[in-house]
Amino acid sequence: MKILVTGGSASGKSAVAEELCVKLGKQTAYIATMQPFGKDAAYRIERHRKLREGKGFLTVEQYTDISKVADKLGSQADTLLIECLSNLCANEIFSPEGAGQETENRIAQGIGALGERYENVIVVTNEIFSDGIAYPRETQEYIQTLGRLNARLARWADAVVEVFCGIPLYRKAPENRVKGCMET
Numbered sequence: 001m002k003i004l005v006t007g008g009s010a011s012g013k014s015a016v017a018e019e020l021c022v023k024l025g026k027q028t029a030y031i032a033t034m035q036p037f038g039k040d041a042a043y044r045i046e047r048h049r050k051l052r053e054g055k056g057f058l059t060v061e062q063y064t065d066i067s068k069v070a071d072k073l074g075s076q077a078d079t080l081l082i083e084c085l086s087n088l089c090a091n092e093i094f095s096p097e098g099a100g101q102e103t104e105n106r107i108a109q110g111i112g113a114l115g116e117r118y119e120n121v122i123v124v125t126n127e128i129f130s131d132g133i134a135y136p137r138e139t140q141e142y143i144q145t146l147g148r149l150n151a152r153l154a155r156w157a158d159a160v161v162e163v164f165c166g167i168p169l170y171r172k173a174p175e176n177r178v179k180g181c182m183e184t
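Residues in the sequence shown are numbered from 1 upward in steps of one, following full-length UniProt numbering.
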């Protein structure tokens with residue numbers, strides 16, 4: 001199953017995605033895309049590690065070219081949790097080793113290939129589009145690229161879950177399979 005989990009900052013989307021991953025998969029892998037730059041990033045990375053503690057995730061760090069995850073993992077996992085699309089998109093646009101203008105296609109094709117290879121792929125993304133603030137050109141291009149990627153992945157996904165204040169809202173869910181995973 002392919003699932004897109006979206007929500008605002010600190011909405012609880014990571015916890016929801018992790019719960020889905022654990023319930024759907026037998027062998028789970030956490031694909032970390034946040035580069036450890038600065039104190040804030042280090043804090044967030046450590047917080048996410050603690051959230052995953054004891055859940056059996058194999059962690060793979062992949063900051064650009066998400067398709068390379070398959071080379072690193074092989075058949076060690078059946079279920080992937082990619083955390084998160086917004087970091088991956090920024091890395092591809094702004095890092096020297098990133099795809100630059102080809103970011104959208106590189107990410108969409110890479111995640112699509114992972115969806116073909118692994119039984120379950122869960123992608124976490126951020127809702128950053130509603131503040132109404134005018135940004136510099138580079139930032140606006142990033143926001144627009146992430147928006148297009150979110151739309152592409154929502155079409156690709158079997159299920160889309162929006163998390164609001166820790167509550168999962170099922171925007172697209174086949175036969176309630178995803179919703180059933182969250183019920184105890």
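For every residue, glycine included, the Cβ atom is placed at its ideal position computed from N, Cα and C. Source: prediction; values computed, not measured.
Beta-carbon separation of L80 and V121 under 9 Å? In contact: L80 and V121 (Cβ atoms closer than 9 Å).
If we count the other Cβ atoms within 10 Å of its Cβ and call it buried at 16 or more, is E104 buried or exposed? buried
Where T184 and Q109 are concerned, what is the direct C-alpha to C-alpha distance, given to the nearest angstrom? Model confidence at T184 stands at a pLDDT of 47, short of 50, so the residue's coordinates are unreliable; what they give is reported in the following sentence. Whole-angstrom Cα-Cα distance: 35 Å.
Considering only DSSP beta bridges, list what A90 is partnered with. A90 is not bridged to any residue.
How would you call S14, buried or exposed, if buried means at least 16 neighbouring beta carbons within 10 angstroms? buried
Looking at the structure shown, is Y63 part of a helix, part of a strand, or coil, going by DSSP? coil
Tell whether a beta-carbon distance below 9 Å holds between G56 and Q27. yes
Decide if G54 is buried, meaning its Cβ has at least 16 other Cβ atoms within 10 Å, or exposed. exposed
Distance check for R49 and E18, CA to CA, integer angstroms please. 11 Å
Which one or two residues does DSSP pair with Y43 in a beta bridge? DSSP output for Y43 lists no bridge partner at all.
For K72, count neighbouring C-beta atoms within 10 Å of its own C-beta (all shown protein chains included) and say buried if the count is 16 or more, exposed if not. exposed
Considering only residues of the same chain and omitting the five flanking positions on each side of I82, which have a CB-CB separation below 6 Å? Counting only residues of its own chain and dropping the five nearest sequence neighbours on each side, I82 has a CB closer than 6 Å to the CB of I31, V123.
According to the neighbour-count rule (16 or more other Cβ atoms, all chains shown, within 10 Å of its Cβ), is Y118 buried or exposed? buried
Under 9 Å between C-beta atoms of Y63 and N91: yes
Take A99 and list the residues in its own chain whose beta-carbon comes closer than 6 Å to its own, dropping the five residues that flank it on each side. Excluding its 5 nearest sequence neighbours in each direction, A99 has C-beta neighbours in its own chain below 6 Å: E92, R106, listed in chain order.
Using the C-alpha atoms, what's the distance from F129 back to G147? If I take the Cα positions, the gap works out to 8 Å.
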